[in-house]
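Here is the structure we will look at, set down as structure tokens.
There are 2 protein chains.
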Amino acid sequence: MTEEPKTRMTKQRAAIVEVLARGGFRSAQDWHDLLRHGGSTIGLATVYRALQSLADASEVDSVLTDNGETLYRRCDSGSSHHHHLRCRVCGAAEDIDIPTFEAWASGVAAKHGYAHIEHTVELTGVCNGCAQRSF
Amino acid sequence: MTEEPKTRMTKQRAAIVEVLARGGFRSAQDWHDLLRHGGSTIGLATVYRALQSLADASEVDSVLTDNGETLYRRCDSGSSHHHHLRCRVCGAAEDIDIPTFEAWASGVAAKHGYAHIEHTVELTGVCNGCAQRSF
DNA sequence: TTATCTGCAAACATTTTGCAGCGAG
DNA sequence: CTCGCTGCAAAATGTTTGCAGATAA
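The listed protein sequences correspond, in order, to chains U and S. Just so it is clear: in the first sequence, position 110 is 111 by the numbering used here, and no numbers are missing. Just so it is clear: in the second sequence, position 61 is 62 by the numbering used here, and no numbers are missing.
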């Protein structure tokens, strides 16, 4: 039988969930720094493992930056598939809807004879606040 | 003064351009394997450096996979900004047009007060041929 | 000639894994 | 008591860099 191990709520995992609650996209290492900074002695590997399992459980979103780092962010649980508009300067992110995009993607795929489509859409920019600060 | 070094057409660079000509997205290491397989004794670092400089010169496209690898492909020179529909199985890729996407992206960005927008759109699937082969 | 390119190996950065002990259930 | 979780350090991966010698222009 295929039996999934059940997740235990440890102090470390709780700490991770807590810092994640403050929102924003950060790399695993950044979250780790944040935790240590807050007094935790949690290990980096543990953070990676926890973020991985949380991502599997769809409790965090993960996106890939241009330089190959993975960023994680607490996911609005219950909310289904969506995308983000992220500020390159301050890391803030808005959840955005793609009303026509999903349909469009399937359409293009079908037209080319492709099946099992997956898509990555990442929008980045400079938010209002950061724009005023920089220019 | 800022003086850009000018590119020399060496045997290795020519070999790289040649294998790139067969099309498809491949990782730097895959291109390297392909070259060695074809009798070249080119070094991996050279392949990385060449792909980098070709990418700077917009002669190759590069995309980032989910597992952090960078894939490179000869770019249809002259053709402007576009996106791809790539087969996860055989690596084939179609250039696709996004008529409404660019406009939509700017719209969403404006609505949220974001400027200097950049976007990444990557579609992957299983192409007709591979689908028949697998199922 | 001479500045760029090359191959090699070592350096890097990020993420994953092995292992012995800890601790939630 | 069990079995998953933890921290540490070591391994793995993908990419970049330093250097001495080769080579295009």
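Virtual Cβ for every residue (Gly too), placed ideally from N, Cα, C. Remember, it's a predicted structure, so these values are computed and weren't measured experimentally.
Item to check | Assumed close pair S/L65, S/L124 - CB separation to whole angstroms, cut-off 8 Å | outcome: Taking the second sequence and counting its residues from 1, the one referred to as residue 65 of chain S is at position 64. Taking the second sequence and counting its residues from 1, the one referred to as residue 124 of chain S is at position 123. Contact doesn't hold; Cβ gap of about 14 Å is too wide.
Next on the checklist: Give me the chain U residues within the contact set of S/H85, using Cβ-Cβ distance strictly less than 8 Å, ordered along the chain.
Outcome noted: Locating residue 85 of chain S in the second sequence gives position 84, counting from the first residue. Here the premise fails: no neighbours, minimum Cβ distance about 11 Å.
Item to check | Rounded distance between the beta-carbons of U/S41 and U/L72, thought under 8 Å | outcome: In the first sequence, residue 72 of chain U corresponds to position 71, counting from 1. In the first sequence, residue 41 of chain U corresponds to position 40, counting from 1. Not confirmed; about 20 Å, so no contact.
Checklist entry - Got a sec, what are the start and stop residues for the alpha helix (DSSP H) U/E60 sits in? => result Taking the first residue of the first sequence as 1, we reach residue 60 of chain U at position 59. Where U/E60 is concerned, there is no enclosing alpha helix (DSSP H), given that its DSSP letter is neither H nor E.
Checklist entry - Measuring CB to CB, does U/I118 end up less than 8 Å from U/S107? => result Position 117 of the first sequence, counted from the first residue, corresponds to residue 118 of chain U. Position 106 of the first sequence, counted from the first residue, corresponds to residue 107 of chain U. Contact: yes.
Checklist entry - From S/I43 to S/H33, what does the alpha carbon distance come to, in whole angstroms? => result Counting from one through the second sequence, the residue named residue 43 of chain S turns up at place 42. Counting from one through the second sequence, the residue named residue 33 of chain S turns up at place 32. Approximately 8 Å between the Cα atoms of the pair.
Item to check | Reduced DSSP secondary structure (H/G/I, E/B, other) of U/D67 | outcome: On the first sequence, position 66 is the one that residue 67 of chain U refers to. If DSSP states are grouped into helix, strand and coil, U/D67 belongs with coil.
Checklist entry - Closer than 8 Å, CB to CB, is S/T47 near chain U or not? => result Within the second sequence, residue 47 of chain S is the residue found at index 46, counting from 1. Chain U, which has no Cβ nearer than 8 Å to the Cβ of S/T47, makes this no.
Checklist entry - U/C128 and U/C88 look like a contact to me (Cβ under 8 Å); what is the Cβ gap, rounded to whole Å? => result By one-based count along the first sequence, residue 128 of chain U stands at place 127. By one-based count along the first sequence, residue 88 of chain U stands at place 87. Rounded, the Cβ-Cβ distance is 4 Å, consistent with contact.
Item to check | Proximity of U/R74 and U/V90 at Cβ, strictly below 8 Å | outcome: Within the first sequence, the letter at position 73 stands for residue 74 of chain U. Within the first sequence, the letter at position 89 stands for residue 90 of chain U. Cβ atoms of U/R74 and U/V90: not closer than 8 Å.
Checklist entry - chain S partners of U/V20, CB-CB under 8 Å? => result The residue given as residue 20 of chain U occupies position 19 in the first sequence. Result: empty, since nearest Cβ-Cβ is about 24 Å, beyond 8 Å.
Checklist entry - Do S/A56 and U/A132 have their C-beta atoms closer together than 8 Å? => result Counting from 1 along the second sequence, the entry for residue 56 of chain S is found at position 55. Counting from 1 along the first sequence, the entry for residue 132 of chain U is found at position 131. Cβ atoms of S/A56 and U/A132: not closer than 8 Å.
Checklist entry - Three-state secondary structure (DSSP) at U/C131? => result On the first sequence, position 130 is the one that residue 131 of chain U refers to. Helix, per DSSP.
Checklist entry - For the putative contact between U/T121 and U/S54, defined by C-beta atoms under 8 Å, what is the C-beta separation to the nearest angstrom? => result Numbered from its first residue, the first sequence carries residue 121 of chain U at position 120. Numbered from its first residue, the first sequence carries residue 54 of chain U at position 53. About 22 Å; that fails the 8 Å criterion.
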